[in-house]
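A short write-up of the structure that comes next.
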Amino acid sequence: MGEVMERMFRLLVSLGEIYDADRMIPVSSAQIAGVSYKSIGDPGVEFLEDYADKGAVAKIVTFLNPAGMDIEDWQDLKIPASFAEKQLRIMNAYKKMGIVVSATCTPYLAGNLPRFGEHIAWSESSAISFSNSVIGARTNREGGPSALAASLCGVTPNYGLHLDQNRHPDVLLDIHATLEDNADFGALGYMVGKQVKNRIPYFRGIKDADTDQLKALGAAMAASGAVALYHVENMTPEAHLMKIEGLEKLSVDDKDVNEVFSKLSTGKEPDIVILGCPHSSLKEVMNISRKLEGKKLRKPLWVCTSRMVKEAANRMGLTQTIEAAGGRIVADTCMVVSPIENMGYATTAVNSGKAANYLPSFCKQNVVFSRLDTLLENLT
Amino acid sequence: MELLKGRTISPGKVEGESLVSKEPIGFYGGVDPKTGLFIERGHELEGKSIKDKILVFPCGKGSTVGSYVLYGLAKNNQAPLAIVNRETETIVATGAILAGIPCVDRIPVERISTGDHLVVDATAGTVSIVKSTS
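For the protein sequence lines, the chains are A and B, in the order given. Counting with our numbering, you get residues 5 to 384 for the letters of the first sequence. Counting with our numbering, you get residues 2 to 135 for the letters of the second sequence.
Written as structure tokens, this is what we have:
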């Protein structure tokens with residue numbers, strides 16, 4: 005136990021030294037990535053079991069990223085048993101450390117919601133982006149081990165986005181495109197992330213966006229680039245504090261957004277449609293369910309979400325509607341971290357800019373990227 | 002003897018023979034944690050064992066899972082004795098600390114050749130070239 009804490013603290017001190025932090029600050033919650041067996045492999049399983057056996061315990065509220073499978077329905081999803089055995093060992097190790105085995109990339113929709121200005125230590129790039137930008141909480145882009153260290157020690161080094169002076173925008177984005185579907189926001193995010201890389205964009209001209217659309221925008225920017233914080237004029241909580249005079253300017257119109265759809269679509273006829281990257285909100289599940297009422301799908305459909313949202317969907321009868329159409333709600337996992345490439349799928353259709361970015365490399369998939377209505381129309 | 006002064010990333014003091022890579026190293030997919038053998042195709046260290054060597058390279062690259070690979074190497078007794086870098090980024094720093102592998106950075110790594118006998122005092126942040134091969 006002493007050795008575990010010593011190494012974990014040493015890790016935070018070293019990261020603080022590398023990034024010139026002046027001190028440690030308390031954090032109120034952690035979000036840990038590195039949960040899917042597909043991502044962390046045997047080295048990860050052994051590390052987590054060792055630390056759990058040595059008595060490591062979370063000091064602060066700590067939630068987990070998606071796993072490589074639905075923890076309850078994995079057999080039904082035809083996940084290989086050898087994979088499931090390792091995945092369950094990972095979940096048990098985290099549980100032993102007192103970590104909430106939430107298995108979602110949207111902790112803020114599933115019971116871990118920080119307030120404005122709160123210091124947290126989160127990994128999961130889309131959740132980092134959402135908490136910094138939409139909520140105004142403060143976190144750097146943590147990796148799995150550094151988020152675990154913050155969870156066990158209750159502190160993080162004070163540098164980067166924890167400091168006011170590092171939250172200012174670097175580039176001004178003038179948006180002239182019409183953004184309606186959530187996929188439009190994913191396409192915009194993909195494009196902007198590519199261009200701004202790890203800088204902080206300030207968006208002007210986005211007329212309206214709900215939290216699901218901001219979730220899609222931030223997730224795509226964090227995947228194609230390394231954007232951890234963005235501001236949207238009249239929408240996100242720190243935007244009015246920021247000076248935009250003299251910033252480098254970029255502009256985006258409808259043509260730019262439409263080009264992203266064709267660029268990211270590397271396949272034609274999908275073997276499966278997977279929605280919910282990041283994990284669907286209850287509102288998104290309701291919308292999908294409404295569109296599927298009385299329909300029959302020609303291809304499999306997964307709607308990925310957190311266990312918490314799935315429970316609500318069950319209670320509302322949404323799960324039954326989606327299943328009657330031939331789809332299913334899949335909890336705890338998603339298309340990126342589950343082994344879909346070993347399950348006979350070669351082309352996956354998505355409405356997420358983030359998923360479209362990752363599927364070709366992580367899952368060897370051809371991608372069909374389009375708006376929800378188009379995806380569902382082509383399936384019925 | 003030449004004394005090079007750097008910065009502590011992970012403490013400890015060891016002595017041994019160096020294995021130098023001019024290219025960055027990504028441990029995930031780069032090194033097999035079970036055997037300690039370098040497996041990345043086309044890498045200048047391909048086929049070499051890093052076990053009990055002082056591994057000298059400019060900086061890390063690639064997947065964050067690399068941290069866990071360093072931990073796995075240590076657990077399987079295949080780890081390098083120490084790591085010496087020009088710039089240790091977070092993936093290698095994290096792995097070295099988790100695994101308890103002494104690690105120093107801000108060292109002019111071009112001064113070291115494969116086969117040099119080194120004393121790495123990572124706690125003090127120094128590397129001494131005791132016996133040079135050249």
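No residue lacks a Cβ here, since even glycine has one placed at the ideal position from N, Cα and C. Just so you know, these numbers come straight off a predicted model, no measurement behind them.
In this structure, alanine 232/A sits near asparagine 136/A, with a CB-CB distance shorter than 8 angstroms.
Phenylalanine 67/A is outside the set of residues whose beta carbon lies under 8 angstroms from a beta carbon in chain B.
Within the region 42-55 of chain A, Ser43, Ile44, Gly45, Asp46, Pro47, Gly48, Glu50, Phe51, Asp54 place their CB atoms closer than 8 angstroms to a CB of chain B, listed in sequence order. For asparagine 238/A, the number of other beta carbons within 10 angstroms of its own is below 16, and it is reported as exposed. In the displayed model, arginine 145/A falls within coil according to three-state DSSP, outside both helix and strand.
It is roughly 41 angstroms from the alpha-carbon of lysine 259/A to the alpha-carbon of glutamate 41/B.
Only Lys76 from the region 76-88 of chain B bring a Cβ to less than 7 angstroms from some Cβ of chain A. Exclusion of the five residues before and after leucine 38/B leaves Ser50 as the residues of its chain whose Cβ lies within less than 6 angstroms of its Cβ. Scanning chain B for C-beta atoms nearer than 8 angstroms to the C-beta of serine 150/A yields Thr91, Thr95, reported in chain order. Cβ proximity to chain A below 8 angstroms picks out Ile98, Leu99, Gly101 from the region 97-108 of chain B. Under the three-pair Cβ rule at 8 angstroms, the region 262-276 of chain A does not count as touching the region 163-180 of chain A. In the structure shown, the three-state DSSP call for tyrosine 69/B is helix. Using a C-beta cut-off of 8 angstroms, the region 13-30 of chain B makes no contact with the region 359-377 of chain A, since fewer than three inter-stretch Cβ pairs fall below that distance. Leaving aside the five residues that flank phenylalanine 13/A on each side, the residues in its chain whose CB is nearer than 7 angstroms to its CB run, in chain order, Cys157. Distance between serine 43/A and aspartate 33/B, taken at the CA atoms: about 16 angstroms.
Valine 121/B and glycine 73/B have their C-alpha atoms roughly 22 angstroms apart. The CB of serine 11/B comes closer than 8 angstroms to the CB of Arg14, Ser18 in chain A, given here in chain order. Not one beta carbon of chain B lies nearer than 8 angstroms to the beta carbon of isoleucine 64/A.
Below the 8 angstroms Cβ cutoff, chain B contributes Thr65, Ser68, Thr91, Ile92, Thr95 as neighbours of glycine 147/A, in chain order. The beta carbons of alanine 34/A and alanine 125/A sit closer together than 8 angstroms. Taking a Cβ-Cβ threshold of 8 angstroms, the residues of chain A close to glycine 73/B are Asp46, Pro47, Glu50, Phe51, in chain order. For aspartate 185/A and tyrosine 194/A, the gap between their C-alpha atoms comes out near 15 angstroms. In the three-state reduction of the DSSP assignment, phenylalanine 28/B falls in the coil class, being assigned neither a helical nor a strand state.
When the Cα atoms are used, valine 256/A and glutamate 381/A turn out to be separated by approximately 28 angstroms. Sixteen is the threshold: since fewer than 16 other Cβ atoms of the shown chains lie within 10 Å of the Cβ of proline 84/A, the residue is exposed. Approximately 17 angstroms separates the beta-carbon atoms of isoleucine 102/B and isoleucine 113/B; this is outside 8 angstroms, ruling out the contact. Comparing alpha carbon positions, the residue from Leu322/A, Tyr23/A, Asp275/A closest to glycine 298/A is Leu322/A. Considering only beta carbons, the part of the region 27-47 of chain B lying closer than 7 angstroms to chain A consists of Pro34, in chain order.
Counting along the chain, threonine 270/A sits inside no beta strand (DSSP E), nor does DSSP assign it H or E at all. For methionine 12/A, the enclosing alpha helix (DSSP H) begins and ends at 6-22. With a threshold of 16 other beta carbon atoms within 10 Å, asparagine 318/A falls short and is exposed.
Separation of glutamate 327/A and asparagine 144/A (C-alpha to C-alpha, rounded to the nearest whole angstrom) is 39 angstroms.
Annotated three-state conformation of serine 32/A is coil, per DSSP. Rounded to the nearest whole angstrom, the C-alpha separation of aspartate 106/B and proline 47/A is 25 angstroms. With fewer than 16 other CB atoms across the displayed protein chains lying within 10 angstroms of its CB, lysine 14/B is exposed.
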